[in-house]
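Chains as they are written, first to last, in our numbering: chain A, 2 to 110; chain B, 32 to 145. The C-beta atom is built at its ideal place from N, Cα and C for all residues, glycine as well. Values in this document were obtained by computation on a predicted structure and should not be read as measured data. Below is one structure, written out as structure tokens; the observations come after it.
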Amino acid sequence: GQSLEQPSEVTAVEGAIVQINCTYQTSGFYGLSWYQQHDGGAPTFLSYNALDGLEETGRFSSFLSRSDSYGYLLLQELQMKDSASYFCAVRFGDYKLSFGAGTTVTVRA
Amino acid sequence: NAGVTQTPKFRVLKTGQSMTLLCAQDMNHEYMYWYRQDPGMGLRLIHYSVGEGTTAKGEVPDGYNVSRLKKQNFLLGLESAAPSQTSVYFCASNPRDRGYNEQFFGPGTRLTVL
Chain A
2 GQSLEQPSEV TAVEGAIVQI NCTYQTSGFY GLSWYQQHDG GAPTFLSYNA LDGLEETGRF
62 SSFLSRSDSY GYLLLQELQM KDSASYFCAV RFGDYKLSFG AGTTVTVRA
Chain B
32 NAGVTQTPKF RVLKTGQSMT LLCAQDMNHE YMYWYRQDPG MGLRLIHYSV GEGTTAKGEV
92 PDGYNVSRLK KQNFLLGLES AAPSQTSVYF CASNPRDRGY NEQFFGPGTR LTVL
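See the structure below:
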């Protein structure tokens with residue numbers, strides 16, 4: 002089976018940088034994705050890493066180390082609207098994702 | 032485009048009742064999925080479909096059935112609802128040519144079983 006671990010909560014102030022770590026155990030690993038969910042609404046895709054290294058998309062960056070079974074999502078220049086839950090997800094086998102339990106990020110003024 | 036839509040948005044059932052959740056997408060995606068999300072947990076895959084007329088089991092399929100008679104629709108059925116099926120249900124889809132990397136989610140159906 003698949004298992005993913007990520008912190009349950011992170012709190013930071015506006016303008017700060019937050020790193021959300023994700024460690025995983027899985028068979029048939031294809032890549033690591035990150036999703037954002039506001040107030041229990043529809044999760045939205047943020048990033049995907051298939052190879053080792055850093056992917057940057059605006060204020061958000063995602064990193065993967067396949068040898069360490071580890072990745073992280075970096076949120077820079079935090080804004081109030083970044084308060085949300087963030088999920089890492091591994092793609093394993095064909096067509097399927099397995100999600101972590103999520104990290105609730107709270108941004109304070 | 033409406034994207035992924037789900038019907039109904041909310042529903043309360045009594046134990047033993049049946050219901051069908053409807054998911055529709057207008058993006059011509061081949062792959063569709065049903066997840067459930069419980070408090071403090073991530074999304075867990077119930078069933079999925081890789082094309083019209085095909086379905087397969089995910090991580091937590093027991094107590095659910097699905098059908099994909101049309102490419103744009105994916106139905107999730109509960110034949111005899113149980114309180115353990117109280118959850119938020121999300122449908123998702125993605126196109127074949129994006130290599131499954133980005134899934135597009137619907138707004139969810141909040142189901143309570145009494």
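C-beta contact flag for residue i and residue j at 7 Å
{"i": "LEU74 of chain A", "j": "ILE21 of chain A", "result": "yes"}
{"i": "LEU145 of chain B", "j": "LYS40 of chain B", "result": "no"}
{"i": "GLY32 of chain A", "j": "ARG92 of chain A", "result": "yes"}
{"i": "GLN37 of chain A", "j": "LEU47 of chain A", "result": "yes"}
{"i": "GLY47 of chain B", "j": "SER111 of chain B", "result": "yes"}
{"i": "SER124 of chain B", "j": "ARG67 of chain B", "result": "no"}
{"i": "VAL35 of chain B", "j": "TYR96 of chain A", "result": "no"}
{"i": "PHE88 of chain A", "j": "GLY72 of chain A", "result": "no"}
Cβ separation of residue i and residue j, assumed to be a contact under 8 Å, to the nearest whole Å
{"i": "GLY94 of chain B", "j": "LEU109 of chain B", "result": "7 Å"}
{"i": "GLN134 of chain B", "j": "TYR64 of chain B", "result": "7 Å"}
{"i": "GLY73 of chain B", "j": "ALA43 of chain A", "result": "Not confirmed; about 14 Å, so no contact."}
{"i": "VAL108 of chain A", "j": "SER84 of chain A", "result": "5 Å"}
{"i": "ALA55 of chain B", "j": "GLN103 of chain B", "result": "6 Å"}
Short CB-CB distance (under 7 Å) between residue i and chain B
{"i": "PRO8 of chain A", "result": "no"}
{"i": "ALA110 of chain A", "result": "no"}
{"i": "PHE46 of chain A", "result": "yes"}
{"i": "ALA85 of chain A", "result": "no"}
{"i": "TYR49 of chain A", "result": "yes"}
is_contact[residue i, chain A] using C-beta, thresh 7 Å
{"i": "ASN104 of chain B", "result": "no"}
{"i": "PHE41 of chain B", "result": "no"}
Cross-strand partners of residue i (DSSP beta bridge)
{"i": "GLN26 of chain A", "result": "A:SER4"}
{"i": "TYR120 of chain B", "result": "B:ARG67 and B:THR140"}
{"i": "SER49 of chain B", "result": "Answer is none; SER49 of chain B lacks a bridge partner."}
{"i": "GLN37 of chain A", "result": "A:THR45 and A:TYR87"}
{"i": "THR38 of chain B", "result": "B:LEU53"}
Practice task
Name, going along the chain, the residues of the segment 8-40 of chain A whose beta-carbon falls closer than 9 Å to a beta-carbon of chain B.
Solution key: Look at the segment 8-40 of chain A: the residues with a C-beta under 9 Å from a C-beta of chain B are SER9, TYR31, GLY32, SER34, TYR36 and GLN38.
Practice task
Using a Cβ-Cβ cut-off of less than 7 Å, give me the residues of the segment 68-88 of chain B that come near chain A, in sequence order.
Solution key: So the close ones are GLY71, MET72, GLY73, LEU74, LEU76, TYR79 and VAL81.
Exercise for the section: May I ask you to list, following chain order, the residues of the segment 87-104 of chain A that have a beta carbon less than 9 Å from some beta carbon of chain B? Expected result: Those residues of the segment 87-104 of chain A placed with their C-beta closer than 9 Å to a C-beta in chain B are PHE88, CYS89, ALA90, ARG92, ASP95, TYR96, LYS97, LEU98, SER99, PHE100, GLY101, ALA102 and GLY103, ordered along the chain.
Handout entry: Near-chain A residues of the segment 91-116 of chain B - C-beta to any C-beta below 8 Å
Key = Look at the segment 91-116 of chain B: it has no residue with a C-beta under 8 Å from a C-beta of chain A.
Practice task
Quick one: which residues of the segment 42-65 of chain B get their C-beta closer than 9 Å to a C-beta of chain A? List them in chain order.
Solution key: Of all residues in the segment 42-65 of chain B, TYR62 and TYR64 have a Cβ within less than 9 Å of some Cβ in chain A.
Practice task
Check each residue of the segment 118-140 of chain B: if its Cβ is closer than 9 Å to any Cβ of chain A, include it; give the result in chain order.
Solution key: Residues of the segment 118-140 of chain B with a Cβ closer than 9 Å to any Cβ of chain A, in chain order: VAL119, PHE121, ALA123, ASN125, GLY130, TYR131, ASN132, GLU133, GLN134, PHE135, PHE136, GLY137, PRO138 and GLY139.
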